[in-house]
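Residue numbers (UniProt numbering): 1 to 1197.
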């Protein structure tokens, strides 16, 4: 079980370089902050682009994981991988850069010509150091990912050639992560990388690419579900309590006892299997292997995982070569054996590394010892790989010269040369429970002791001490030491862990039958007896090893399954080429015939057979050999195993033996010498030919190596170019799609231009025709053959001589030029727009001319303008005010009457303004009028018509006037656009209505007064007349006076053709005449005042007032009683006329009346309104006094 010496501490299986926050189980799955829970490394080469796209098409964009893509990219081309993948995933895809923090839900792509690693969640990107054909970017990144993330690392190998990534998946699995490889697909040539990764035995599952996202998502969920079951160091206590049961089952299945391995190591590997199987409890795992016993085989492989490599820790191996191997080779003679043991050799890389170093140490020496290097491991599969001596190329850790010297290259594999392979013997062997090899010069046991408990380490150290010769050396890993066994070994190179065996007598081989977890312990007495018996058996076996003959054990197919200790090598001659365990391929040629015969005899008789005194040359000397073959015991017979022993019978001719010659003997000897001479001549010729062939072969081999090196470079370049070709192929497909899209867009554009019936002409910077639409032919005499000709050479039908000048102006100023042009015939008119032609890169590359036919539009515009002018004339000529508002209440139109009525000077003062708050803000009673209640606004918003005749509008100066208005909706294209309001000023109508009402009331009042006056006249006449004749005459006279007063009143009425001026005295006498009693001794009415002329309007108003006063006096005042008196007098006081009406002798007065009648209101209005005067009433106890103050100027017209 080899491993990386830099990755593990001595007592705990923790990554040495991992961040402090990581436990033995790796970082927590929970995503804290912006750090991803899992980091997925994906390696690919040729064919990887399509695999990437399939993977991310099925991967959710919000998993919380981070994805890092390591692709074999050409160093000479920029990569478009990030851009291409960004189109198939919702995650952010960026090209990695040095120092970038790995964020969740992001995809990072390795840049070209770079090596990338990860430490502490940050990417490190550097220029690659190894030669181009030896770079392994996927392995490099995966190994750093395993160190950084532990079980939170996932490694995926996708399409590609070669074996890059195989070492990386081993590292990820060793640290507890998940490993996946792409299943076989159609392209056989691109399956090298996933197949190579699978052959390591360290890939958890081989899946189709589209199935991988679901698998890693399930793995993420499982880690989250068991996170709370782990202790601080990442171990699950529930698994620890079941460990003994599982180890017993494993021992029963495989025959190997892991009871003496460190518990944390076993727990870690067991948890790893449970994670891969997504089992939450140990009970579930136990139930699984009981149902599927082959699961125990997989657990066994899990426990045997080892990371090994050629020349791993190069400084340590160089120190071993300089300190130990060179001295051992120098101290050994040609007839001596150099014996080395590498326990836990895994797939053999360390064994072959030491063999190469030994062979290099032997290069400068003529005397070379026999070398036997034993590589052992309990993993049968790893031992089988080691025996083959073939590894996926390129091989990491081996320099170029060593690759050329010690390896052969076939297809995509490198094989160890036979010269090195023949030094090494591999077998399945447990250093814990099996006896060791003996008489060893060196033991290299690197990074195995860290996996077992300290007591087992002590026992193994005693075993190594026993197995080594005096002065032998022990080579350990960098994390291992002999501190617990310092009495057994002396440090030769402490830094590189090289130790020398101390000479201590009396130490025997320790008991190798250990017990531990999963091992049933024997009672003490039986154990003691068994130990003593085993000790005797082992002692006897050690003695027998010194005397029994060299032998091999072979099977039915004559394959060697076991070599004996001793000088078995002198009877074997391995053939050049690949290593073989076939007996007759490696047996001494002189013994092949006799051995074949004796084996046939054994197989035929199933008994022993022998051949004695067979001559053979050993180390150049004649020897006699006896062959002994015999089937093994019952089990051996069933298996067809045969022991073949070689017994040395001494020299071919004994010293001192006397040979008696005879003539026949002499003849035979002469013939033999002749034959030997001929044979020697033939041999010499053959050797000469062989030398020539060897020389030619070396030349061919040199040429082949050069060609191989060129092929490797070409293969690397081919792989990189294939990746580039894949990107280009994808880009070509996208370009084809874009070309199709462009073609459709061009068709759409052509149809669009033609459907708009807009003539378009495209000119380049030199004013040459680039293209045009069909409508241009009505303006220029253009044909397809004119493409490329200057527009100045084309006949134009336009009445427009400045075309070329304006086009050049557009190119120079980059400004749009618009002209209205017409044909020379005047039949058609166009709007010509000239604008710069801009490319997608914003480069000016010509001018675009568009001709919009506006002939019909001009005619329609002219008709429309005429109609609008006519309608405007109508609107402005009406006396009604008209204005329009939009749906927001803004004014869009008004007529002249609107401006005049509201006092605005210009239409611009109104258009665009919301006028409600200015012209319609209050009700007639002065209360606020919100715009939401305004019927005009409601019409504009809802389309509901409105009519009002009881509201006021307000002029610009704030004065109000009554209006009647109508609002109607404005509808355009079926949509409500606003409202139009028409209104009239009804001030005059309101005044006329008021005067009409007043007139009706006055007529009614006057009729009533007239009847009252007549009644008063009759009453007064009756009092003063003594006879009916007198009464009639009196009544007639008074009625005549009343008619005369009425004539004066009518004189103030327009349209009555009477005298235009009267005096104030006449008016007073005329009004009071009906109330005068000529027959009375006492005058009831007294009139005093100077003569003053009065005009028509003054007469009317004064007549109304005097008539009202006289009527009230006759009805209610002084004239209603016989003794009542009225005095009327007037004087001019400055600019005013002061007229006083005084009553006395009338009914008692009890203050001013509580209500005013129509006559009082009419009199008051006549004085204050028409005459601009004042009217004052004094209701005292003596009688009513009325004072009129009127400007004199108001009396005359």
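Just so you know, even glycine gets a beta-carbon here, dropped at the ideal spot from N, CA and C. Treat the numbers as computed from the prediction; the structure is a model and nothing was measured.
query, result
"Unbroken beta strand (DSSP E) run spanning residue 71, endpoints", "66 to 71"
"Beta-carbon proximity of residue 1188 to residue 1139, cut-off 9 Å", "yes"
"Closest Cα partner of residue 795 within the set 349, 776, 810 and 478", "776"
"Cβ neighbours of residue 280 in the same chain (closer than 7 Å, five flanking residues each side left out)", "225 and 226"
"6 Å CB neighbourhood of residue 163 in its chain, flanking five on each side removed", "196 and 392"
"Per DSSP, the bridge partner or partners of residue 930", "Answer by DSSP bridge pairing: none, since residue 930 is not bridged."
"Contact under 9 Å by Cβ, residue 177 with residue 150", "yes"
"Beta-carbon proximity of residue 488 to residue 462, cut-off 9 Å", "yes"
"Residue 293, DSSP secondary structure in three states", "coil"
"Per DSSP, the bridge partner or partners of residue 914", "890"
"Contact check, residue 361 vs residue 328, beta carbons under 9 Å", "yes"
"Contact check, residue 1146 vs residue 1117, beta carbons under 9 Å", "yes"
"Separation of residue 995 from residue 936, as counted between CA atoms", "31 Å"
"Sub-9 Å separation of residue 91 and residue 109 beta-carbons", "no"
"Extent of the continuous alpha helix (DSSP H) to which residue 269 belongs", "263 to 277"
"Endpoints, the beta strand (DSSP E) within which residue 336 is located", "Residue 336 -> no beta strand (DSSP E), and no H or E assigned at all."
"Contact the segment 315 to 333 vs the segment 364 to 373: 3+ CB pairs below 8 Å", "yes"
"Touch test, the segment 860 to 875 against the segment 781 to 788, Cβ-Cβ under 8 Å, three pairs minimum", "no"
"Euclidean distance between Cα positions of residue 898 and residue 904", "8 Å"
"Residue from 267, 941, 580 and 968 whose Cα sits closest to the Cα of residue 948", "968"
"Option in 1068, 890 and 838 with minimal Cα separation from residue 1141", "1068"
"Residue 906 (DSSP reduced to helix, strand or coil)", "coil"
"Residue environment, residue 927, which counts as buried when at least 16 other CB atoms sit within 10 Å", "exposed"
"Cβ contact check for the segment 68 to 88 and the segment 39 to 54: 3 or more pairs under 8 Å", "yes"
"Alpha-carbon to alpha-carbon, residue 971 and residue 1056", "Since pLDDT at residue 1056 reaches only 42, below the 50 mark, its modelled position is unreliable, and no value is offered."
"Bridge partners - residue 1180, DSSP secondary structure assignment", "1183"
"Cβ contact check for the segment 200 to 210 and the segment 254 to 263: 3 or more pairs under 8 Å", "no"
"Assigned exposure category for residue 175 - 16 Cβ within 10 Å defines buried", "buried"
"For residue 257, the three-state DSSP class (helix, strand or coil)", "coil"
"Residue 221 classed as buried or exposed, judged by whether at least 16 other C-beta atoms fall within 10 angstroms", "exposed"
"Residue environment, residue 686, which counts as buried when at least 16 other CB atoms sit within 10 Å", "exposed"
"Endpoints, the alpha helix (DSSP H) within which residue 629 is located", "Per DSSP, residue 629 belongs to no alpha helix (DSSP H); it is in the beta strand (DSSP E), 621 to 631."
"Cβ neighbour criterion (16 or more within 10 Å) applied to residue 533", "Below a pLDDT of 50, predicted positions are generally treated as unreliable, and residue 533, at 43, falls in that range; the measurement from the model is reported next regardless. Burial call: exposed."
"Which of helix, strand or coil DSSP assigns to residue 834", "strand"
"Three CB pairs or more closer than 8 Å across the segment 849 to 859 and the segment 872 to 889", "no"
"Residues near residue 829 in its chain [Cβ-Cβ closer than 6 Å; skip 5 each side]", "822, 854, 855 and 858"
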